[in-house]
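Contents: one structure, followed by commentary.
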Amino acid sequence: MSTVVKQSRAVAINPTRSCAPIGAMLANYGIHGAITINHGSQGCATYPRHQMARHFREPVEVATTSLTEKTTVYGGKGNLLTALKNIVDRFNPTMIMVCSTCLSETIGDDIPGAIDEFQEKHPEITIPILSVKTPSYIGNHITGFDNFLTEIANSMPDKRKKKGETNGKINIIPGWVNPGDIRELKHIVREMGLHGLWLTDYSETLDGGYYEPRPHFARGGTTVEELRSSSKSLATVSLQPLIGGEAARIYERRYGVPGHVLTMPIGLANTDTFVETLTEITDHTIPEALQVERARLLDALVDTHMFTTGLRVAMYGDPDMLEGLVGLIAEMGMTPAYILTASENASWGERMVELTQGLGLESEIILKGDLHELHMRIKANPVDLVIGHSKGKFISDAEKIPLIRMGFPVEDRFGYHRRSIVGYNGAVSLVDEITNVIFERKATSVVSNTLVELGVEGPTSSPITLTNGNGKH
Ligand code: SF4
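Under our numbering, the first residue of the sequence shown carries the number 1, and numbering increases by one thereafter.
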């Protein structure tokens, strides 16, 4: 039976979460020519910039209002008004997003009011200027991303939609994923013969090429015109319930665009649901190319199940990613023994209990958890594999358990932002990676599809000792 617990320790030791502005900043990077102004002290811009640059290996540009002692006491409105004018004059952006910080929220700066005042003073400046609330003491990085999307859904789409008017596109909200994931999702949508309107698309802006001369703004990204027309789309598909689910509901409520909120398409069943949803929205059928990719994933699962069945996994990170990942873990015959997130979302915890039990799994779901908590559990009852971002490396090193890097940030490996974990192709890559890690960990040789374990020391609860190609011991 699965259980859900909430970590009660007041102090977080090795937290898994990042700060809220980084989520809004990441999402804003998916709008072509948009610039973020971080309204706070300089460190509140520097920390997210460094985190993003280390993960995406791209220069990350964010403006800051650089609040000081004086502006903290007397208010930072003046700095914000100056920053807005400087950014427009120097960069000529297509859009500006102002995100708050712990500091500006605590002193109570009225950011929307300052933006109104700026626009009244400068009627010649007609670009959209958005305000997104991102105090890090309410939620975390996923809250920042989601708040940005709800602001986009509320304020950007064109409300003057004629009855039956459509742009022929589907709004797709990938959520917190990597550029490689967005490219894989685009591939699926393209193969289906459909056109996606991506909310948002940082597949190029945060994983671009080298161009000379350097473009004024990074290539790619969703345009402001596309955001305007998103109220005329055929439907909205949000691929992460907690990041974008509310935006999909806003599109439905305010603009009559039907919303579909799905589980992140990791693994066979979750990807099937995504593809089937696209067929329900349109009359397009599933093309041969996707059927072949699906069959290849099924084959990979069959080929590897004898090596992975029964293994215990500890996973941590963002709730939406964990929810999707459970699908693939179950399809590989493994058990997610511990599922830990920094989120405190109780209804997500209940959903995960239902999900794991429905799949015949027994998991402990830990809310508001940190990596110290996970480490203690692994020490007491070891697992075979850890899955999560780079911050869990110390658990992997200390307990000699392989770490499959996934989520944000992955800063101690190169190119992880380019790979994909979604769709049939993403799942095949993950199946290969997980199986190869098991081979490295447990076997000194793999002979004719047979894994031979030669007494590798380490914490393993359900060892594969000798398995032949038919899965029989
Ligand atoms: S003070 Fe708040 S907003 Fe600024 S870096 Fe720290 S957590 Fe993030």
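All residues carry an ideal CB built from backbone N, CA and C; glycine is no exception.
Does at least one heavy atom of the ligand SF4 sit under 8 Å from the Cβ of residue i?
{"i": "Ser41", "result": "yes"}
{"i": "Pro59", "result": "no"}
{"i": "Pro409", "result": "no"}
{"i": "Ala20", "result": "yes"}
{"i": "Thr101", "result": "yes"}
{"i": "Thr134", "result": "yes"}
{"i": "Tyr47", "result": "yes"}
Under three-state DSSP, which class holds residue i?
{"i": "Trp348", "result": "helix"}
{"i": "Asp303", "result": "helix"}
{"i": "Gly196", "result": "strand"}
{"i": "Pro213", "result": "coil"}
{"i": "Thr3", "result": "strand"}
{"i": "Ala59", "result": "Before going on, a small fix: residue 59 reads as Pro here, not Ala. If DSSP states are grouped into helix, strand and coil, Pro59 belongs with coil."}
{"i": "Asn436", "result": "helix"}
{"i": "Arg405", "result": "strand"}
{"i": "Ile125", "result": "coil"}
{"i": "Thr68", "result": "coil"}
{"i": "Ile475", "result": "The chain is shown from 1 up to 473; residue 475 falls before or after that span and cannot be answered."}
{"i": "Ile286", "result": "coil"}
{"i": "Thr222", "result": "strand"}
{"i": "Leu242", "result": "coil"}
{"i": "Met321", "result": "helix"}
{"i": "Ala10", "result": "coil"}
{"i": "His141", "result": "helix"}
{"i": "Glu276", "result": "helix"}
{"i": "Gly423", "result": "helix"}
{"i": "Phe118", "result": "helix"}
{"i": "His187", "result": "helix"}
{"i": "Val353", "result": "helix"}
{"i": "Ser396", "result": "helix"}
{"i": "Lys162", "result": "coil"}
{"i": "Ile250", "result": "helix"}
Bridge partners of residue i, per DSSP?
{"i": "Gly259", "result": "Thr236"}
{"i": "Asp110", "result": "Paired residue(s): none; Asp110 is not in a bridge."}
{"i": "Ser18", "result": "Paired residue(s): none; Ser18 is not in a bridge."}
{"i": "Leu385", "result": "Val313"}
{"i": "Glu364", "result": "Thr3 and Tyr338"}
{"i": "Val98", "result": "Ile37 and Ser131"}
{"i": "Asp370", "result": "Pro15"}
{"i": "Ile31", "result": "Thr222"}
Kindly list the residues whose CB is nearer than 7 Å to the CB of residue i, restricted to its own chain and excluding five residues on each side of it in sequence; keep chain order.
{"i": "Ile115", "result": "Val98, Ile129 and Ser131"}
{"i": "Ala53", "result": "Pro59 and Val60"}
{"i": "Ile35", "result": "Ala63, Ile87, Phe91, Pro93 and Ile96"}
{"i": "Val410", "result": "His55, His389, Ser390 and Tyr416"}
{"i": "Ala27", "result": "Phe145, Phe148, Leu149 and Thr200"}
{"i": "Gly75", "result": "Ile107 and Asp109"}
Could you round the C-beta distance between residue i and residue j to whole angstroms and report it? I think they count as a contact, below 8 Å.
{"i": "Val5", "j": "Ile366", "result": "6 Å"}
{"i": "Thr134", "j": "Pro21", "result": "4 Å"}
{"i": "Leu239", "j": "Leu262", "result": "6 Å"}
{"i": "Asp146", "j": "Gly43", "result": "About 23 Å separates the two Cβ atoms, so there is no contact after all."}
{"i": "Phe118", "j": "Leu84", "result": "5 Å"}
{"i": "Val237", "j": "Ala314", "result": "In fact, because the Cβ distance is near 31 Å, the residues do not count as touching under 8 Å."}
{"i": "Ile378", "j": "Ile395", "result": "6 Å"}
{"i": "Asp158", "j": "Gly30", "result": "Not a contact, Cβ separation roughly 19 Å."}
{"i": "Asn178", "j": "His417", "result": "5 Å"}
{"i": "Arg312", "j": "Thr335", "result": "5 Å"}
Going along the chain, which residues of its own chain have a beta-carbon closer than 8 Å to the beta-carbon of residue i, five neighbours each way excluded?
{"i": "Leu355", "result": "Glu323 and Val326"}
{"i": "Arg183", "result": "Ser203 and Ser420"}
{"i": "Asn154", "result": "Ile250 and Arg254"}
{"i": "Ile266", "result": "Met321, Gly324, Leu325, Gly327, Leu328, Ile421, Val422, Gly426, Ala427 and Leu430"}
{"i": "Met1", "result": "Gln357 and Glu362"}
{"i": "Thr277", "result": "Val237, His260 and Leu262"}
{"i": "Ser18", "result": "Pro48, Gln51, Asn140, His141, Phe408 and Pro409"}
Near residue i, which residues of its chain fall below 6 Å by C-beta distance, leaving aside the five closest residues on each side in sequence?
{"i": "Leu199", "result": "Asn171 and Ile173"}
{"i": "Arg49", "result": "Val60 and Val62"}
{"i": "Leu80", "result": "His39, Thr65 and Ala114"}
{"i": "Met156", "result": "Leu227"}
{"i": "His372", "result": "Ile13 and Asn14"}
{"i": "Ser41", "result": "Leu67 and Leu103"}
{"i": "Asp370", "result": "Ala12, Ile13, Asn14 and Pro15"}
{"i": "Ser343", "result": "Pro319"}
{"i": "Thr460", "result": "The predicted model places Thr460 with a pLDDT of 45, which falls under 50 and marks its position as unreliable, so this point remains unresolved."}
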